[in-house]
Every structure is written in C-alpha cells, then in structure tokens.
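K.L.:
Residue numbers (the numbering used here): 3 to 404.
For every residue, glycine included, the Cβ atom is placed at its ideal position computed from N, Cα and C.
1. Does residue 1 pass the burial test, meaning 16 or more other C-beta atoms within 10 Å, or should it be called exposed?
2. Using the C-alpha atoms, what's the distance from residue 250 back to residue 386?
3. What residue range is occupied by the uninterrupted alpha helix (DSSP H) comprising residue 290?
4. Within this structure, are the beta carbons of residue 158 and residue 203 separated by less than 9 Å?
5. Under three-state DSSP, which class holds residue 295?
6. For the stretch 314-331 and the stretch 341-348, state whether three or more C-beta atom pairs, one from each stretch, are separated by less than 8 Å.
7. Just the Cα atoms here: how many angstroms apart are residue 232 and residue 172?
8. Is it right to say residue 39 is buried, meaning 16 or more other beta carbons lie within 10 angstroms of its own, or is it exposed?
9. How far does the alpha helix (DSSP H) with residue 125 in it reach, from first residue to last?
10. Looking only at its own chain, which residues have a Cβ that is under 6 Å from the Cβ of residue 356, when we skip the five neighbours before and after it?
11. Please confirm if the stretch 182-189 is in contact with the stretch 230-249, defined as three or more CB-CB distances below 8 Å between the two stretches.
12. How would you label residue 389, buried or exposed, when you count the other beta carbons within 10 angstroms and need 16 or more for buried?
13. Less than 9 Å separating the beta-carbons of residue 91 and residue 121?
14. Determine the burial state of residue 41: buried for a count of at least 16 other Cβ atoms within 10 Å of its Cβ, exposed for fewer.
15. Going by the beta-carbon positions, is the gap between residue 163 and residue 214 smaller than 9 Å?
16. Less than 8 Å between C-beta atoms, sequence neighbours within five positions excluded: which residues of the same chain meet that for residue 259?
17. How long is the line joining the alpha carbons of residue 131 and residue 54, rounded to whole angstroms?
18. Going by CA-CA distance only, name the one from 279, 296, 45 and 294 that's closest to residue 306.
19. Any idea what DSSP makes of residue 148, helix, strand or coil?
20. Counting C-beta neighbours from all protein chains within 10 Å, is the total for residue 197 16 or more, i.e. buried, or is it exposed?
21. CB-CB under 6 Å to residue 247, same chain, minus the five flanking residues each way: which ones, in chain order?
22. With the cut-off set at 9 Å, would you say residue 75 and residue 192 are in Cβ contact?
23. For residue 210, which of 329, 56, 123 and 85 has the nearest alpha-carbon?
24. Please go through the same chain and pick out, in chain order, the residues whose beta-carbon is closer than 7 Å to the beta-carbon of residue 292, but skip the five residues on each side of it.
25. For residue 318, name the three-state secondary structure that DSSP assigns.
26. Considering only C-alpha positions, which residue in the set 123, 348, 253 and 151 is nearest to residue 283?
27. Quick one, which of 45, 194 and 169 has its alpha-carbon nearest residue 124's?
28. Compute the Euclidean distance between the alpha carbons of residue 138 and residue 144, then round it to the nearest angstrom.
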C-alpha cells in the first residue's frame with residue numbers, strides 16, 4: 003500500500019510531466035513570429051536533451067527510479083512533436099504547401115540542405131535517447147521497440163499532405179505498433195506505456211490531417227479499421243475479452259465510412275442492406291479467429307443484418323430486403339428452436355413472416371423473375387439444405403444401442 007506521501011510524490015511527478023509535454027506541444031501550434039523557425043526548434047531539442055540528463059541524476063545519483071522512469075516516459079511523449087516539426091521542415095522544401103494552410107502548421111526551413119541537416123542532426127541526438135528510454139522501460143525488447151518507433155516517426159517526414167498519403171501512412175504505423183505489442187507482451191505499466199507510445203505518430207497524422215489538410219471517408223474508414231484489427235489482435239493475444247469485443251465499435255464505424263460515397267446512387271434501403279452484409283465480413287472473420295468470443299461476433303453480425311433487413315422491409319420493401327429477412331429470420335428461429343430460446347424463436351418468426359408476405363406481394367404485382375422465380379429457387383434450396391443437414395446429422399449421431 004502506498005502512503006499518502008508517496009501518492010503526493012506520484013501526483014507531483016505527473017504534474018511535472020504534464021507541464022513538460024504541454025510546453026513541447028506549444029511548438030506544434032506556436033505563434034511566435036518574432037523568432038525564426040530553426041532557432042525555435044533548437045530550443046525544443048535542447049529542452050528534450052535535458053530530460054535524459056535529469057533522469058540519470060534522479061536514477062543514479064538520488065536512487066529514485068520512479069522519477070527517472072517518469073522523465074523517460076515524458077521523453078517518448080516528446081518524440082512525435084519532434085517528428086511533426088521536422089516533417090514540417092521537409093514539407094516546406096520538398097512538398098506542395100497549400101496556400102490555405104494555417105501559419106501555426108508551417109515550419110519553414112531556409113533551404114533544402116538545411117531541412118535535411120536538421121533531420122539528420124536531430125536523429126543523431128534523439129535516436130540514442132529513444133533507445134535508452136526503451137532500454138529502461140522494456141529492457142528485453144528495446145531493439146524491437148526502438149526500430150518500430152523510428153519506422154513510425156520516419157513516416158511523418160513524407161512531404162505529402164494528401165488524404166491518400168495520410169491513409170497509406172496510418173495503416174503501417176498502426177500495423178507496426180500492433181505487431182510490436184504482440185511481440186513484446188507488456189506486463190508492467192511502464193512497458194505498456196512504451197508500447198502505447200508507438201501509436202502516437204498515427205494520432206499526430208490524424209490530428210494534423212483533420213485540422214489543417216484534406217480528409218476523406220476512406221481516410222477515416224482506414225483509421226477505424228486499423229484500430230479495430232489492432233484491438234481484436236491485442237485482446238485475443240492477452241486474453242482480454244472486453245478489449246477483443248470492443249473492436250466491434252470501430253469495425254461498424256469503419257465500414258460505414260468506407261461505404262459512404264457521395265457518388266453512390268443507391269437508395270437508402272439498398273445502402274443499409276449492403277452495409278449489413280459488408281459488416282458481416284470482418285465480424286465473421288473475427289469470429290473465425292477468436293478463441294473465446296466466437297458466438298459474440300456471430301451474434302453481432304446476425305443482429306445487425308436482421309435489424310437492418312427488418313427496418314428496410316417495413317419502410318422501403320424490396321425483393322432483396324424480403325429474401326434477406328426470410329433467410330435471417332429462418333436461421334434465427336431455427337437457432338431459437340434448437341436451443342429452446344423463445345426470444346430468438348419469436349424474433350426469427352417476426353422477421354421471416356413480413357419478409358415472406360412482402361415477397362409474395364411483389365411477385366403478384368410485378369411479373370419478373372426476381373419475384374416468383376426467386377421464391378421457387380429459395381424454396382428448393384431450403385428443402386435441399388434441410389435434406390443435407392438431416393443426412394449429416396444421421397452420420398454424426400451415434401448408432402442406437404451403441
């Protein structure tokens with residue numbers, strides 16, 4: 003149990019770290035017109051260089067490891083700020099700077115050579131500091147953490163601010179962070195923070211793109227999709243069901259963003275039905291890979307599609323919606339009947355019946371194969387499927403009297 007004095011020390015350490023990070027964060031949104039960009043960055047670099055020295059003093063001289071680790075964690079939090087500013091220098095000389103870009107987002111190098119020298123000079127200073135921080139926070143995996151961090155922050159130097167480039171940058175950053183997290187398997191709080199710092203470059207790209215440059219639905223869909231995959235992978239790897247199941251939220255949002263396109267000419271009902279089918283693909287994929295939440299992902303996919311199909315049948319009836327409602331309703335009712343779950347049984351019947359009635363009405367009103375012929379084919383397929391399932395059940399069932 004920590005004493006109140008130790009809790010006070012912990013609170014003071016957190017306040018100090020927050021002040022340092024806030025001071026560094028002002029460099030990203032500065033308005034200091036009276037000072038050149040290069041001297042300003044050199045001040046940031048000098049402030050960052052003071053952190054390892056103070057951490058050494060706390061850890062070696064004063065024998066206070068908690069304060070030393072807090073300073074090293076603060077150092078890792080400042081690295082994305084450096085990458086963002088250096089990326090601005092490179093972009094000012096090698097990229098196409100939009101005229102509408104706010105002044106606080108511009109870091110202008112005097113010439114291309116100066117931009118390159120700033121990047122290499124900062125790397126010579128920061129790389130040893132980053133490795134030292136990971137060496138203390140995650141000793142066994144310092145090399146993997148350092149290489150992943152350098153890769154992720156290096157992508158921030160690409161001199162292009164288009165939505166497509168941002169999309170292509172975020173995916174590998176989140177993928178590398180997820181891979182490193184699965185390999186490191188962080189157990190201590192410091193190790194978890196060290197792994198979490200690898201996601202910071204992606205957060206910076208999203209923030210920078212959203213506030214100062216162009217974004218697209220594909221951009222947001224990719225970000226959310228990568229988050230969903232990362233949450234699921236980490237949840238399954240660590241055995242955390244809550245983390246694994248929470249991946250459903252970014253999955254649903256990701257599919258919605260990717261499926262949203264102003265050029266689409268489909269109706270609202272068709273959009274919802276297609277959205278339900280598209281969400282089923284990643285959810286069923288998660289179900290196949292999950293060890294403990296398979297039924298959860300299958301149930302979520304079925305619920306989403308059943309709800310959307312039922313709503314479309316009621317408010318915008320169509321043959322597609324009707325057949326989807328029939329199929330989902332029969333599947334849900336069969337599940338409820340076999341497991342003696344009345345809610346699932348009655349819900350399936352309530353979904354299949356309106357779909358069947360709507361499809362019959364469509365077949366009567368319109369003489370097209372999409373009506374009566376689809377009913378025939380669906381009925382034949384259902385009978386054939388039932389016969390196959392019955393045949394399989396006799397093969398699997400043990401012989402009588404055995």
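P.N.:
Taking the coordinates as given:
1. Past the edges of the chain, shown from 3 to 404, lies residue 1, and the structure says nothing about it.
2. One alpha carbon belongs to residue 386, the other to residue 250, and they sit about 34 Å apart.
3. That run of the alpha helix (DSSP H) goes 270-291.
4. Yes, the pair counts as a contact, with Cβ atoms nearer than the cut-off.
5. Shown here, residue 295 sits in coil according to DSSP, grouped into three states, outside any helix or strand.
6. Touching, no, given that fewer than three Cβ pairs across the two stretches are closer than 8 Å.
7. Their Cα atoms are separated by approximately 12 Å.
8. Classification of residue 39: buried, given that the 10 Å Cβ count is 16 or more.
9. Taken as a continuous stretch (DSSP letters only), the alpha helix (DSSP H) holding residue 125 covers 114-139.
10. Hits under 6 Å: 315.
11. Three or more beta-carbon pairs drawn from the stretch 182-189 and the stretch 230-249 are found closer than 8 Å, and the two stretches are therefore classed as touching.
12. Of the other Cβ atoms in all chains shown, fewer than 16 fall within 10 Å of the Cβ of residue 389; this residue is therefore exposed.
13. In this structure, residue 91 places its C-beta atom within 9 Å of the C-beta atom of residue 121.
14. Residue 41 is exposed by the Cβ-count criterion.
15. Cβ distance < 9 Å, so residue 163 and residue 214 count as in contact.
16. The answer, listed in chain order, is 219, 220, 222, 223 and 226.
17. Looking at the two C-alpha atoms, the distance is approximately 7 Å.
18. When C-alpha distances from residue 306 are compared across 279, 296, 45 and 294, the shortest belongs to 279.
19. Correct three-state label for residue 148: helix.
20. Residue 197 sits buried, since 16 or more C-beta atoms from the chains shown fall within 10 Å of its C-beta.
21. For residue 247, where only same-chain residues beyond five positions count, the Cβ hits under 6 Å are 295 and 298.
22. Taking 9 Å as the cut-off, the Cβ atoms of residue 75 and residue 192 count as close.
23. Of the listed residues, the one whose Cα sits closest to residue 210 is 85.
24. Its chain contains 238, 246 and 299 as the residues whose beta carbon lies nearer than 7 Å to that of residue 292, once the 5 sequence neighbours on both sides are disregarded; these appear in chain order.
25. Coil.
26. Considering only alpha carbons, the answer is 253.
27. Of the candidates 45, 194 and 169, the one whose C-alpha sits nearest the C-alpha of residue 124 is 45.
28. If you take the alpha carbons of residue 138 and residue 144, they lie about 8 Å apart.
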